[in-house]
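Residue numbers (my numbering): -18 to 715.
By construction, the Cβ of each residue, glycine as well, lies at the ideal position given by its N, Cα and C atoms.
For clarity, every value in this text was computed on a predicted model and none was experimentally measured.
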Amino acid sequence: MLAAKPPQILLNDLKSCCLFQNIDAFDFEAIHPLLHRVSISAGDTLFRQNDDGETLFIIIEGQLNIHRTQGTTCVCIGQLDAGKLIDEMQVLNCGKRTSTITAITDAELLEVSQAAWNHIIKIDPCILQRLTDIILKQLRHEQLHRLLPTILGSSDDATLEEFERETELLHLKRGEALFRRGDKGDALYVVIHGHLHAIAKNQNGHDVVIGDITQGELVGEMGILTNDNRSADVYAVRDCELAKWSQSSFQYFISKYPSLLMHITNNLIHRQRENLQLKSGSHAIKNIVVIAISSDLNAEVFSKHLISALTPHGAAAHFCGKRIADIFCIQNLVQNDAQMARLSAYLDEQEEHYRFVIYQTDNSMTAWTKHCIQRADHILYVAHSDAQSTYERFDDDTLHFQEDVIAPKQSLILLHHKHCSLPKGTAKWLSKRKFDNHHHIRRYVRDFQRLARFISEKSVGLVFGGGGARGFAHYGVYMAIKQAGIAVDYIGGTSMGALIGAQCALGWDLEKMLHMNNEYLIKSNPFKEYTIPIIALLKGKLLKKNMQKTFGSIQIEDLWTNFFCISSNLSCSKMMIHQQGPLERAIRASTAIPGITVPVMENQNILVDGGLVNNIPGDIMQKLCHKVIVVDVGGKSHLDNTMHEMPAAWEIIGQRLFSPNSKSQAPSIIDVLMSSTLINSSSKANSVKQDVDVYLRPPIDNYKLLDFSKIDELIDLGYQYACSEIQQHQHKLQ
-18 MLAAKPPQIL
-8 LNDLKSCCLF
2 QNIDAFDFEA
12 IHPLLHRVSI
22 SAGDTLFRQN
32 DDGETLFIII
42 EGQLNIHRTQ
52 GTTCVCIGQL
62 DAGKLIDEMQ
72 VLNCGKRTST
82 ITAITDAELL
92 EVSQAAWNHI
102 IKIDPCILQR
112 LTDIILKQLR
122 HEQLHRLLPT
132 ILGSSDDATL
142 EEFERETELL
152 HLKRGEALFR
162 RGDKGDALYV
172 VIHGHLHAIA
182 KNQNGHDVVI
192 GDITQGELVG
202 EMGILTNDNR
212 SADVYAVRDC
222 ELAKWSQSSF
232 QYFISKYPSL
242 LMHITNNLIH
252 RQRENLQLKS
262 GSHAIKNIVV
272 IAISSDLNAE
282 VFSKHLISAL
292 TPHGAAAHFC
302 GKRIADIFCI
312 QNLVQNDAQM
322 ARLSAYLDEQ
332 EEHYRFVIYQ
342 TDNSMTAWTK
352 HCIQRADHIL
362 YVAHSDAQST
372 YERFDDDTLH
382 FQEDVIAPKQ
392 SLILLHHKHC
402 SLPKGTAKWL
412 SKRKFDNHHH
422 IRRYVRDFQR
432 LARFISEKSV
442 GLVFGGGGAR
452 GFAHYGVYMA
462 IKQAGIAVDY
472 IGGTSMGALI
482 GAQCALGWDL
492 EKMLHMNNEY
502 LIKSNPFKEY
512 TIPIIALLKG
522 KLLKKNMQKT
532 FGSIQIEDLW
542 TNFFCISSNL
552 SCSKMMIHQQ
562 GPLERAIRAS
572 TAIPGITVPV
582 MENQNILVDG
592 GLVNNIPGDI
602 MQKLCHKVIV
612 VDVGGKSHLD
622 NTMHEMPAAW
632 EIIGQRLFSP
642 NSKSQAPSII
652 DVLMSSTLIN
662 SSSKANSVKQ
672 DVDVYLRPPI
682 DNYKLLDFSK
692 IDELIDLGYQ
702 YACSEIQQHQ
712 HKLQ
């Protein structure tokens, strides 16, 4: 019921709310025609949830209830007394009502129209900030109300008031440190909203994430209990708000609320379990942001396919700008503190209920897009492989991250037609920005499942070591792994392991693998192309020609299965990891045995066999995948060790001339040089066994490094061995 009132009474009504106390009589002249008194009786409803909301109400007299429908349940979330605002968020959002308001007693209210509000903020612009502060405080009250039962075992008004009195509130922006290792452990923190990472040094002295800290969790509990210095750095992964307790406040709460000790104990146990699960360089991925960087891409369809693939690994939710607008009953999300705080509070709450949350951005750098990026653990830049890039729509500082452990992972996802034989042109996409990884996806469930394994930290990497012809056993192992239903997501290798690994990454079946290797390694034997040994024993022309016939112009980054191989850089004495560029050149570099085959030149660097520096690169794969299988075919070299002295060269020549059917005990120069590449294989194998998930070593010791003609035997040997072994280890790859 509307009632007309004299201007002075309406002015007094308006100023009864602290928000409007600076409005004077002169300014009020333009406002009072836009204000109205409203009377409602006990039990009446002022408005209902989802009604159109364009006005603000101030309670002059009486008391009202706030009800909110969540799913099918309607709950009372609070009461309002004289001087309070009603549904003030809608003044900023111009959307629908977020709750139902009913009168507990007879009540008098002042209705402030949208037009009146616009006049008021012109008169006193500071009102907007004061309103924002009121909304933030209200949201904080709601968040604390939800957290206190878990932390203190009580959430009544007295406990909430006590908590706020003894608490210092802290706000951290993304990238800011809460504390650093070595700092004094003199305070305990409660995460009201946000996400932090605990970071410590690993054995190699590198910073790694050792814990994820989210809403409702405690931070710094060990330091305040033991009075020790901090053992790790803690950084905000996104904007955070925390409650800080001093030592005295902590002691007070411990004495009054004994349940706090149980909460701390549970927190420590949870943190310890989490530390055991996190591998070096990894952290729990929860929020995946999908950015469409080609204009014709339907990001919603992609997101739904991804959710289907992620669901076996945990419950997944999907949010886009339109859905958020519907949930908050607004037309457009804008960048203001109150609205962002409300959005953050809602999304923080949703993240508690899901293992994964997919945030689908708008098609440009809107307020929603920026908010998605600020919440990201992993950003997926998605494009049709044959489309034009639209990166420029997202050219903004929001996407410029420092290279540190709190920066989100960034992956390029290129979509292909179902019948695409092999991707092309990936390099142009990778040149746009620095990515942690890239994935080629066709419209097959298995391709989305591969992406889901990377996101959920269940990806499997397969590593093949060097070992000459014995490397053919790798293919047999690969066949057995596939037959066991284990999906391989990344392949890496060194020397012969690089050659066979590349063929597996290309998806070659057994028939093609046998044909190509018989044709270019056995029939057209490049190891017989001798030359004057100035640079190497072999010319290398035939080997280069055969490699080009085998792999053509294929680029490493264009393989369906991600791939890397290792070579040794003699120019700067370091290991080279090949993840991009011509595949045949990388394989030639990885297999270029020093002294036997000609080194490969790349960017003025001399590259030779990777076995010199890392014959079993399981450590490299551990940085790329979460589960690692290593296949070792190195070790014993079969050089004769029964001779007391090496014979002179003329003795060997004489034996070959006059006794051609006798076998010389002396090793050839090729035997010596090939075996030298395996010299670090045995010692490396011992450390690899300890670190990787599955270590396999087929029984290849009876085969020589140059037994290329025994390709069929070696493949079958690897297959039979792996069929029995992989069953014992399969549980480690789940």
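Residue i versus residue j - alpha carbon distance
{"i": "V65", "j": "I339", "result": "A small fix is needed here, since residue 65 is Lys in this sequence, not Val. Taking the straight line joining both Cα atoms gives about 37 Å."}
{"i": "L159", "j": "L153", "result": "7 Å"}
{"i": "F606", "j": "G473", "result": "Reading off the sequence, residue 606 comes out as Cys, not Phe. Straight-line Cα distance between these residues: approximately 11 Å."}
{"i": "Q369", "j": "S275", "result": "6 Å"}
{"i": "A483", "j": "V441", "result": "16 Å"}
{"i": "Y459", "j": "V611", "result": "11 Å"}
{"i": "F429", "j": "N595", "result": "32 Å"}
{"i": "V296", "j": "Y327", "result": "What sits at residue 296 in the sequence shown is Ala, not Val. Computed Cα separation, rounded: 18 Å."}
{"i": "G699", "j": "G488", "result": "18 Å"}
{"i": "I308", "j": "G478", "result": "54 Å"}
{"i": "Q331", "j": "D358", "result": "16 Å"}
{"i": "G448", "j": "R356", "result": "46 Å"}
{"i": "I778", "j": "I547", "result": "The chain is shown only over -18 to 715; residue 778 falls outside these bounds and no answer can be derived."}
{"i": "Q60", "j": "A11", "result": "32 Å"}
{"i": "K237", "j": "L129", "result": "14 Å"}
{"i": "H559", "j": "F545", "result": "5 Å"}
{"i": "N667", "j": "P679", "result": "15 Å"}
{"i": "H100", "j": "I115", "result": "20 Å"}
{"i": "L695", "j": "K413", "result": "43 Å"}
Residue i versus the options, residue with shortest Cα-Cα distance
{"i": "C301", "options": "G466, S345, E333 and G295", "result": "S345"}
{"i": "I481", "options": "K509, T531 and R336", "result": "T531"}
{"i": "E149", "options": "I173, R127, L133 and I67", "result": "I173"}
{"i": "H244", "options": "L169, H397 and C485", "result": "L169"}
{"i": "G24", "options": "A11, F9 and N46", "result": "N46"}
{"i": "F435", "options": "N(-7), E222 and K267", "result": "K267"}
{"i": "V200", "options": "T246, P239, A468 and Q316", "result": "T246"}
{"i": "D62", "options": "H381, I39 and P598", "result": "I39"}
{"i": "W541", "options": "I574, R678, A468 and L291", "result": "A468"}
{"i": "S554", "options": "N586, N279, L411 and A217", "result": "N586"}
{"i": "K182", "options": "Q561, T50 and S212", "result": "S212"}
{"i": "G576", "options": "V609, E538, I535 and K520", "result": "K520"}
{"i": "L206", "options": "Y702, H365, D32 and W226", "result": "W226"}
{"i": "Y676", "options": "A273, S(-3) and D613", "result": "D613"}
{"i": "D164", "options": "D697, V215 and K604", "result": "V215"}
{"i": "Q228", "options": "P293, G175 and E147", "result": "E147"}
{"i": "T83", "options": "M494, H178, F28 and I692", "result": "F28"}
{"i": "I305", "options": "Q709, T342, R155 and I692", "result": "T342"}
Residue i classed as buried or exposed, judged by whether at least 16 other C-beta atoms fall within 10 angstroms
{"i": "E373", "result": "exposed"}
{"i": "M528", "result": "buried"}
{"i": "R219", "result": "buried"}
{"i": "E142", "result": "exposed"}
{"i": "I250", "result": "exposed"}
{"i": "E202", "result": "buried"}
{"i": "L242", "result": "exposed"}
{"i": "D490", "result": "exposed"}
{"i": "N584", "result": "exposed"}
{"i": "Y511", "result": "exposed"}
{"i": "D376", "result": "exposed"}
{"i": "Y425", "result": "exposed"}
{"i": "A322", "result": "buried"}
{"i": "R431", "result": "buried"}
Those residues which DSSP pairs with residue i across a bridge
{"i": "H17", "result": "E92"}
{"i": "H152", "result": "E222"}
{"i": "N99", "result": "DSSP lists no partner for N99."}
{"i": "V270", "result": "Y340 and I360"}
{"i": "V190", "result": "I180"}
{"i": "N210", "result": "K165"}
Contact with chain D by residue i, beta-carbon distance below 7 Å
{"i": "I503", "result": "No chain D is part of this structure, which consists of one protein chain only."}
Residue ranges of each alpha helix (DSSP H) run of no fewer than 4 residues wholly in the region 370 to 442, ordered along the chain? 407 to 411 and 426 to 436
What residue ranges within the region 227 to 253 form continuous beta strand (DSSP E) runs of no fewer than 3 residues, ordered along the chain? none
Can you list, in chain order, the stretches of the beta strand (DSSP E) that have 3 or more residues and sit fully within the region 567 to 615? 581 to 583, 586 to 590 and 608 to 612
Going along the chain, which unbroken runs of the beta strand (DSSP E) with 3 or more residues stay wholly within the region 531 to 571? 543 to 550 and 555 to 559
Report the start-end ranges of each beta strand (DSSP E) in the region 23 to 47 that is 3 residues or longer and not cut off at the edges. 26 to 28 and 37 to 42
Just to confirm the assignment: which complete beta strand (DSSP E) runs, minimum length 3, are found wholly within the region 440 to 511? 441 to 445 and 471 to 475
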